Each structure stands twice: as structure tokens, then as C-alpha cells.
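Numbers 0 to 350, taken from numbering that gives the first Met the number 0, label the letters of the sequence shown in order.
Here's the structure, in C-alpha cells; my notes come after.
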Amino acid sequence: MLREKRKLDHIQYAIQAGDGNRRTGFEDIHFLHNCLTPVNPEAVDEGTCVGNITLAAPVFIDAITGGTAGVKDINRGLARVAKRTGVAMAVGSQYGSVISGECADSFSVVREEYPEGIIFANISALATPEEAEKAVEMIGASALEIHLNVTQELIMPEGDKNFRAIWENLLRLRESVTVPVIIKETGCGMGAEQIRELQAAGFTCFNLSGLGGTSFAVIEAMRSGNSRHTKFADWGIPTAWSLLDAIHTANRWDTLIASGGIRSGWQAAQAIAMGADAVGMSGNVLALLLEQGEEKTVAYLRDVLSDIRDIMVLTGSRTVRELQQAPLVFTGDTLSFIQSRGYDPRFKRNR
0 MLREKRKLDH IQYAIQAGDG NRRTGFEDIH FLHNCLTPVN PEAVDEGTCV
50 GNITLAAPVF IDAITGGTAG VKDINRGLAR VAKRTGVAMA VGSQYGSVIS
100 GECADSFSVV REEYPEGIIF ANISALATPE EAEKAVEMIG ASALEIHLNV
150 TQELIMPEGD KNFRAIWENL LRLRESVTVP VIIKETGCGM GAEQIRELQA
200 AGFTCFNLSG LGGTSFAVIE AMRSGNSRHT KFADWGIPTA WSLLDAIHTA
250 NRWDTLIASG GIRSGWQAAQ AIAMGADAVG MSGNVLALLL EQGEEKTVAY
300 LRDVLSDIRD IMVLTGSRTV RELQQAPLVF TGDTLSFIQS RGYDPRFKRN
350 R
């Protein structure tokens, strides 16, 4: 019951808290218009890849919820939205369900609603290989997101604070999981130093999930009533900064997913132009579904994809790979970040 109540609390407080005043860094990034674009709208191809998985669109609904009977209908609605817009989706953490064996239908409903869809499973970095496989089997997943949520666990009164065990367990999971693995943060971003460690261990797909959107530090502070933890509301690496670190670290074969406070097609296109292969959206999709319903959420995601296509035309980009090479201008704090890390602002990811 405690875990189920926590899941419901997370949804309630995520909607109540929103994004706050957290900045993603994308406000400092600007496109350059191509007045001689050779691209007609019908020639644009938004297809992309996450590892060896082909996506029809570069945006997907990222991990949100599951694991309690009270959210089954939410996941049903998210799956219907994903199906109607042709995007992939990830489920929320299945860790509790694979341990308890309860409420698996709050996840499997996604596959029932979207049988042909690309769906990512989601498990804790402390899960056993057997638990990870159960999560994959539960929804017939195409890939597995292994989430890192140290900030949340540290602040959460009932959190698992055995952080020293994470690294060794990640290595076990890498060796045993039978589908592609995505290492995913949960709102605090990844730095170049940690990405290099993960690369050295053989991981190749990273969902950066930076600062700027839903903050589990805020959510857990609201749950516990401990005002001290609100100081960590802005803890983390802004999404655009984490993406800059990642593109300067990525191997040619790595996959980068930008997420964390990306709320528009414009920001999604900025992330792709910086070097992201795909973009995850979660908190805004959840809020829209709960507050305005399925039709409005479908219309919103279709607008996001249309905005990306329009920006591709206006930058002369026929494909996602070409958009990744579009020129950008950096200003403000993000330019300062680039300079402080010793990066060339004209750098483009080598694919």
C-alpha cells in the first residue's frame, strides 16, 4: 500500500508543482534561417533510431507512471495517445511490480492498447537481472530503460540509499539483459565524466533527462513536508548543458536522448540540432492528458511534430541527421557553460 500511495502522490505533486522556474538552457539557443532552403515540406523525413530500433518520429512519450491500480487508466490513455500520433513510449518504473507481482496490468495495458508500438520497459539500477527480464517480458518491450534516481532516493524518506551498489549492478544488467539498454537519468542530467565511465563499461544509449522539468526533489520535499529539501529544487545539470556534454563525449555509434523540461516542438528541434537522436516528453504530456483529455493531448503532440517538420524545412534539413548539422547560435548562460567546459560553440556531432 505504501508504494501504491507513493505512486499516486508522485502524480499529484508533479501536476501541482509543474516545472517551476527551472531553466533548461534551450532559451539560449537559436536557429539560423536558411532563405535558400532546398527542402519541400513533403520531402521531410522525421525518422530516427534509438540504437538499432527505428522510430517513425524523433519524439516519444517518456517514462511517467505505473505500478498501482489507480494509474492503469492513465497508462491506457498514454498508450492511446502514442498510437494515434505514431510515437514510441516508455512506461514508468516497473521495479515495485516485478518485486511484488502486483499491478502488472497497469503496465501491460500499454501493450494491449498499442500492440504494434515501440515500447520501452523501465527498471531501477538496483534491480536483479531476473527482475529486469520480468519487466521486459511484462510489456513485450523493445528496449529497457535503467533509471538513475540518486537525488530522489536520497531525499525520499523510504529511499534506497545503497548507492555504492549501483555500478556493480549496472555491469550485471548489461551482461544479462536481452534487449537494448538505455541508461536514463530522472531529472538531474548526466555529465561528460559519468558518460565516459558508462561508455567504458560498454553502454551506448543515454537518456540524459536533465534539469528543467519535473523535479523529484521538489516532489519528495512536498511528500515529506521537509522544507530543507526544497533547496535541491534546482539541483542538476540543465538539459541543454547535459546534451552539450554528451555530444562532446559521444562515440559515433552512441545514441543520445534529450529529455527534461522539453515542452515544445521548437525545443525538441533545438535538441536534435544540437545532436540528440530523439527527444522524450513526459510531465507536460501527463498534465495535458489529466487536465484536458486525450483529444487535446493528441493535438498537442501532432503540433509538436509539425513544428519540428517546419523547422527542418526552414533550416534546409531533409532528415534528422541533416538537422543535427544545422548551424546554431549560443548566448547567455549556455554560452558561458560551453566556454567553461572548453568546447567550441561551432562543434557538430560527428556521425
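Using N, Cα and C, we set each Cβ at its ideal position, and we do this for glycine too.
It should be emphasised that the depicted structure is a prediction, and the values quoted were computed from it without experimental measurement.
Coil, strand or helix - residue i by DSSP
{"i": "His363", "result": "Residue 363 lies beyond the residue range present for the chain, which begins at 0 and ends at 350; the question has no answer from this structure."}
{"i": "Lys295", "result": "helix"}
{"i": "Leu125", "result": "coil"}
{"i": "Ile98", "result": "helix"}
{"i": "Pro40", "result": "helix"}
{"i": "His247", "result": "coil"}
{"i": "Thr238", "result": "helix"}
{"i": "Thr229", "result": "helix"}
{"i": "Ala103", "result": "coil"}
{"i": "Thr150", "result": "helix"}
{"i": "Val176", "result": "coil"}
{"i": "Ala142", "result": "strand"}
{"i": "Tyr12", "result": "helix"}
{"i": "Asn161", "result": "coil"}
{"i": "Phe346", "result": "coil"}
{"i": "Gly76", "result": "helix"}
{"i": "Trp166", "result": "helix"}
{"i": "Arg22", "result": "coil"}
{"i": "Asp306", "result": "helix"}
{"i": "Asp253", "result": "coil"}
Unbroken alpha helix (DSSP H) run spanning residue i, endpoints
{"i": "Phe205", "result": "No alpha helix (DSSP H) contains Phe205, which is instead part of the beta strand (DSSP E) from 204-206."}
{"i": "Val217", "result": "215-223"}
{"i": "Leu197", "result": "191-199"}
{"i": "Gln93", "result": "That residue, Gln93, is in no alpha helix (DSSP H); it is neither H nor E in DSSP."}
{"i": "Met155", "result": "Per DSSP, Met155 belongs to no alpha helix (DSSP H) and is neither H nor E."}
{"i": "Gly69", "result": "It is not in any alpha helix (DSSP H) - Gly69 carries neither H nor E in the DSSP assignment."}
{"i": "Gly264", "result": "264-273"}
Residues that residue i bridges to, as DSSP identifies them
{"i": "Gly279", "result": "Phe59, Ser258"}
{"i": "Met88", "result": "Ile60, Ile118"}
{"i": "Thr47", "result": "Leu54"}
{"i": "Leu285", "result": "Paired residue(s): none; Leu285 is not in a bridge."}
{"i": "Leu210", "result": "Pro237"}
Start and end residues, beta strand (DSSP E) containing residue i
{"i": "Glu184", "result": "180-184"}
Kindly confirm or deny that the segment 192-203 and the segment 211-221 touch, where touching means at least three C-beta pairs closer than 8 angstroms. no
My parser needs the beta strand (DSSP E) runs of 3 or more residues fully inside the segment 310-341; what are they? 327-329
Evaluate the contact criterion for the segment 315-332 versus the segment 25-41: three or more CB pairs, one atom per stretch, below 8 angstroms. yes
With contact counted as at least three CB pairs below 8 angstroms, one residue from each stretch, are the segment 246-258 and the segment 6-17 in contact? no
Should the segment 278-292 be regarded as contacting the segment 321-333, the criterion being three or more beta carbon pairs within less than 8 angstroms? no
So, do the segment 328-340 and the segment 51-68 have three or more beta carbon pairs nearer to each other than 8 angstroms? no
At least 3 beta-carbon pairs within less than 8 angstroms: the segment 261-271 vs the segment 300-314: yes
Determine, using beta-carbon pairs with one atom in the segment 111-121 and one in the segment 133-145, whether at least three such pairs fall under 8 angstroms. yes
Contact between the segment 121-135 and the segment 94-108: three or more CB pairs below 8 angstroms? yes
Pairing CB atoms from the segment 40-47 with CB atoms from the segment 70-78, are three or more of them under 8 angstroms? no
Would you check if there are 3 or more beta carbon pairs closer than 8 angstroms linking the segment 143-162 to the segment 103-116? no
Are the segment 18-32 and the segment 236-244 in contact at 8 angstroms, needing three or more beta carbon pairs? yes
Count the CB pairs spanning the segment 206-215 and the segment 166-175 that are closer than 8 angstroms, and state whether there are at least three. no
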